[in-house]
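Q:
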Amino acid sequence: MSVGLGNIWRFPYVAYENGGGAFLIPYLIVLAFIGRPLYFLEMILGQFSSSGCVKVWSVVPFFKGIGYAQAFASWCVVTYYCVLMALAFFYLFASFQAVLPWTECDPEWATEKCYSSSMANLSMFNLTSENVSSAEEYFYIYVLKKSPDMDSGLGVPDWRLTLCLLLCWILVFATLVKGISSSGKVAYFTALFPYVVLITLLIRGATLPGAGDGMLYFITPVWEKVLTPEVWYAAVTQCFFSLSVGFGPIVFFASYNPFRHPIYRDSTIISFADTGTSVLAGVTIFAILGNLSYTSGKPIDEVVKSGTGLAFVSYPEAISKFDFAPQFFSVLFFLMLITLAVGSAAGLAGCPISLMCDVLPHVPRWIVTAAVCAVSFLIGLVYVTPAGQYILDLVDYFGGGFVIYFVVVATVAAIFWIYGLEQFAKDIRFMLGFGLGIYWKFTWSIFIAVALVVIFVYAMIVFEPLKTDNGEYYPPSAMAAGWTIAAFAILQIPGWGAYVVYKQKDGTFAERFKKSFRSSNKWGPKNPKIKEEWQAYNAQTVRFSWIPNPKWISRRTRAQVPDVELSPDSQSNR
């Protein structure tokens, strides 16, 4: 879930749009002080309560709407996630041809500005900055049939991409119907296979002319851009997408762990693996962009159109450079993209499906899964129209990143400012057997919320309407639709909060309001025996919370401490 298309597909194009090295430094800082603590937080919440993204909010019932907002955001993202998987299927099928179709300028779709890889090697010095690679024209003209703007409307879904999209949702349905136990075994292959392919592409890309310039562009910071709020906003959003924090599936997956599972080890390994994968993909992409700049004569920041299609231009371009069996490496690469996307898409789709199963407990799970997949497929048809990529960028910005900002801030405030940092630390000590250092307490209680609010406010002050890859602003109607999506998700939090207050029994409105912020009886370990031990542990630690450490107390002082009656189960902890 945490190593997927967010690393291989989204990270390179976000880094490209934000200046390469100018983006890398904020991204690494955000991962260290925001991403990793949030990832560990979500894993703790899931494992401690053995609950999904909605039921876990018995910890602070007023914020139950966070789970619904997360489910909605996950659904928004998974509808276009599967479209990216459909594009990978399209390229996979095209890879079985005798000549990879994006390596040559086919008169069926190529323009006069098109140049192929073979042309670039033979007549490199005749190319101008207006020339476009065959890989780029193949993707935008032949595959997407992309319209130049949004003024002409959405258009009709492409039948080829529609069939690929249908295949994707059938795969997601099959994965979810089998359940989580079988998908864990498959992950041994799907988690390791991408690294073999990526390292192979990196080795080939690094040997191409101009690759060094591209890699330097990726790691060389532009300090003027580093200090701009837009870059930090993009870094935070990309951090959420790459680690998948804030969307709900991490809580959902962690809820299957045994209660004493060493989750600290897991979160450390996965967060570092996520960072390494993003950097590996970034170096690979920018090595290829350096070669494209070398062959086309364009600056690196202008060599291809930025946006979601960057990975479907740069990676195929690198594959076409292989001297031996490029078709074989193409099949491997797009098979890798599909395996990554299936795992992530299944995790994202599992969040709204679990929510619907809780709302409709009498309906069999496979029927709910089939219904969600069918509706998601119909929604996804919007993205395979000629203007679909514009809609994809719109939903990605408002339905994904924008909403998750609010969700994460609300989560941190609810857990550490209302439930309490000290109580949460006690829960962790009870579950894992050790306490947490100042790094975790500082980032959770202060840094994350303050940093996100400051970055968000600055980004909104300088906010401009979204632009297409041609530099044109989105029409007001599209922006209004984006704000509507974001508002619907965010309003789930106060809406469900009001419902929780209304459902509280007895007392005045003020009493019911206060009660909605207290943990319900359902909060805690799911296992009844462990829950009793936890309650006894809380009672004991609360009673002695004013004592710094019993080992530091002298016998005379200890004799002055009034004795208390302990249950037989807790005598050993006295």
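The sequence shown maps to residues 570 to 1143 in the working numbering. Even glycine gets a Cβ: it sits at the ideal position worked out from N, Cα and C.
Report the rounded CA-to-CA distance for Ser-913 versus Thr-1053, giving the unit in angstroms.
A: Walking along the sequence shown from the start, residue 913 turns up at place 344. Walking along the sequence shown from the start, residue 1053 turns up at place 484. Their Cα atoms are separated by approximately 26 Å.
Q: So, for Tyr-1027: in the same chain, excluding its five sequence neighbours on each side, which residues have a beta-carbon less than 7 Å away from its beta-carbon?
A: Here residue 1027 refers to the residue found at position 458 of the sequence shown. For Tyr-1027, where only same-chain residues beyond five positions count, the Cβ hits under 7 Å are Pro-798.
Q: Give me the Cα-Cα distance between Tyr-709 and Ala-743, rounded to the nearest whole angstrom.
A: Here residue 709 corresponds to residue number 140 of the sequence shown, with the count starting at 1. Here residue 743 corresponds to residue number 174 of the sequence shown, with the count starting at 1. If I take the Cα positions, the gap works out to 31 Å.
Q: In its own chain, which residues sit with a C-beta less than 8 Å from the C-beta of Val-900, not counting the 5 before and 5 after it?
A: Locating residue 900 in the sequence shown gives position 331, where the first residue counts as 1. If we look at Val-900 and ignore the five residues flanking it on each side, its Cβ neighbours are Leu-661, Ser-664 and Phe-665.
Q: In or out: Gln-958 buried (at least 16 other Cβ within 10 Å) or exposed?
A: For the purposes of this step, residue 958 is identified with residue 389 of the sequence shown, where counting begins at 1. That one is buried.
Q: Quick check: what's the CA-CA separation for Glu-1033 versus Gln-1073?
A: As a working mapping, residue 1033 is identified with position 464 in the sequence shown. As a working mapping, residue 1073 is identified with position 504 in the sequence shown. For Glu-1033 and Gln-1073, the distance between alpha carbons rounds to 43 Å.
Q: Between Ala-667, Tyr-711 and Met-612, which lies nearest to Thr-954 when the distance is taken from Cα to Cα?
A: Here residue 954 refers to the residue found at position 385 when the sequence shown is read from its first residue. Checked all of Ala-667, Tyr-711 and Met-612; the closest Cα to Thr-954 is Tyr-711.
Q: In whole angstroms, what separates the C-alpha of Asn-1107 from that of Gly-1002?
A: The count along the sequence shown starts at 1 and reaches residue 1107 at position 538. The count along the sequence shown starts at 1 and reaches residue 1002 at position 433. Taking the straight line joining both Cα atoms gives about 14 Å.
Q: Within 10 Å of its beta-carbon, does Lys-1185 have 16 or more other beta-carbons around it, so buried, or fewer, so exposed?
A: No information on residue 1185 is available, as it lies outside the stretch 570 to 1143 that the chain covers here.
Q: Counting pairs of beta carbons, one from the region 902 to 921 and one from the region 640 to 647, are three or more of them closer than 8 Å?
A: Pairwise C-beta distances place the region 902 to 921 in contact with the region 640 to 647, as three or more of them are shorter than 8 Å.
Q: According to DSSP, is Lys-1036 part of a helix, a strand, or is it coil?
A: Your numbering for residue 1036 matches position 467 in the sequence shown. It is a strand residue.
Q: According to the Cβ coordinates, are Asn-587 and Lys-794 closer than 8 Å?
A: By 1-based counting over the sequence shown, the position of residue 587 is 18. By 1-based counting over the sequence shown, the position of residue 794 is 225. Result yes, Cβ atoms of Asn-587 and Lys-794 sit closer than 8 Å.
Q: Between Ser-702 and the ligand GTP, is the CB less than 7 Å from at least one heavy atom?
A: As for the ligand GTP, it is missing from this structure, which has no ligand bound.
Q: Report yes if the C-beta distance between Gly-634 and Pro-1097 is below 8 Å; otherwise report no.
A: Numbered from 1 along the sequence shown, position 65 holds the residue referred to as residue 634. Numbered from 1 along the sequence shown, position 528 holds the residue referred to as residue 1097. Not a contact, by the Cβ cut-off of 8 Å.
Q: Report the three-state DSSP secondary structure of Tyr-585 (helix, strand or coil).
A: Residue 585 sits at position 16 when you count from the first residue of the sequence shown. Tyr-585: helix per DSSP, three-state reduction.
Q: Taking the continuous alpha helix (DSSP H) assigned at Ile-854, which residues delimit it?
A: Mapped onto the sequence shown, residue 854 falls at position 285. First-last of the alpha helix (DSSP H) with Ile-854: 832 to 865.
Q: Would Leu-669 and Phe-881 qualify as a contact pair, given that the criterion is a beta-carbon distance under 8 Å?
A: Your numbering for residue 669 matches position 100 in the sequence shown. Your numbering for residue 881 matches position 312 in the sequence shown. No, the Cβ-Cβ distance between Leu-669 and Phe-881 is not below 8 Å.
Q: Touch check for the region 626 to 640 and the region 832 to 841: three-plus C-beta pairs under 8 Å?
A: Per the Cβ contact rule, the region 626 to 640 is not in contact with the region 832 to 841 (fewer than 3 Cβ pairs under 8 Å).
Q: Under DSSP, the alpha helix (DSSP H) around Lys-995 begins and ends at which residues?
A: If you number the sequence shown from 1, residue 995 lands on position 426. Residues 990 to 1001.
Q: Below 8 Å on the Cβ atoms is my guess for Phe-902 versus Phe-891; work out the distance and round it to an integer in Å.
A: Stepping through the sequence shown from its first residue, residue 902 is reached at position 333. Stepping through the sequence shown from its first residue, residue 891 is reached at position 322. About 10 Å separates the two Cβ atoms, so there is no contact after all.
Q: Please state whether DSSP places Ser-685 in a helix, a strand or coil.
A: Counting from one through the sequence shown, the residue named residue 685 turns up at place 116. Coil, per DSSP.
Q: Count the other CB atoms, across all protein chains shown, that sit within 10 Å of the CB of Gly-1006; report buried if there are 16 or more and exposed otherwise.
A: Numbered from its first residue, the sequence shown carries residue 1006 at position 437. Gly-1006 should be labelled exposed.
Q: I need the boundaries of the alpha helix (DSSP H) containing Thr-954, first residue and last residue.
A: On the sequence shown, position 385 is the one that residue 954 refers to. That residue, Thr-954, is in no alpha helix (DSSP H); it is neither H nor E in DSSP.
Q: Along the chain, where does the alpha helix (DSSP H) that runs through Val-1031 open and close?
A: As a position in the sequence shown, residue 1031 is number 462, starting the count at 1. Counting along the chain, Val-1031 falls outside any alpha helix (DSSP H), and DSSP gives it neither H nor E.
Q: Take Leu-950 as the anchor and find which of Tyr-637, Ile-598 and Leu-730 has the nearest alpha-carbon.
A: Walking along the sequence shown from the start, residue 950 turns up at place 381. Nearest of Tyr-637, Ile-598 and Leu-730 to Leu-950, Cα basis: Leu-730.
Q: State the Cα-Cα distance for the pair Trp-1092 and Phe-1011, rounded to the nearest angstrom.
A: The residue labelled residue 1092 in the question sits at position 523 within the sequence shown. The residue labelled residue 1011 in the question sits at position 442 within the sequence shown. It is roughly 25 Å from the alpha-carbon of Trp-1092 to the alpha-carbon of Phe-1011.
Q: For Val-1069, which three-state DSSP category applies?
A: Looking up residue 1069 in the sequence shown gives position 500. Helix.
Q: Given that a residue counts as buried once 16 or more other Cβ atoms are within 10 Å of its Cβ, and exposed if not, what is Val-765?
A: The residue you call residue 765 lines up with position 196 of the sequence shown. So Val-765 counts as exposed.
Q: Going by beta carbon distance, what residues of the same chain come within less than 8 Å of Leu-691, once the five residues before and after it are set aside?
A: Counting from one through the sequence shown, the residue named residue 691 turns up at place 122. No answer about Leu-691 holds up, because its pLDDT of 43 lies below 50 and its placement is not dependable.
Q: In whole angstroms, give me the CA-to-CA distance for Glu-871 and Pro-676.
A: Reading the sequence shown from its first residue, position 302 is the one you call residue 871. Reading the sequence shown from its first residue, position 107 is the one you call residue 676. The alpha-carbon atoms of Glu-871 and Pro-676 are separated by roughly 25 Å.
Q: Does the beta carbon of Pro-933 sit closer than 8 Å to a beta carbon anywhere in chain C?
A: Looking for chain C here will not work: only one protein chain is present.
Q: Counting pairs of beta carbons, one from the region 812 to 821 and one from the region 1080 to 1088, are three or more of them closer than 8 Å?
A: no
Q: In this structure, how does DSSP classify Ser-571 when only helix, strand and coil are distinguished?
A: By one-based count along the sequence shown, residue 571 stands at place 2. Of the three classes helix, strand and coil, the one that applies to Ser-571 here is coil, per DSSP.
Q: Using DSSP bridges, identify the partner residues of Ser-702.
A: What you label residue 702 is simply residue 133 of the sequence shown in a count that begins at 1. For Ser-702, the pairing in a beta bridge is given by DSSP as Tyr-684.
Q: Closer than 8 Å is the cut-off here; do at least three beta carbon pairs connect the region 589 to 600 with the region 799 to 806?
A: yes
Q: Taking Met-570 as the reference, which of Tyr-1043, Ala-856, Thr-846 and Tyr-884 has the closest Cα?
A: Here residue 570 refers to the residue found at position 1 of the sequence shown. Of the listed residues, the one whose Cα sits closest to Met-570 is Thr-846.
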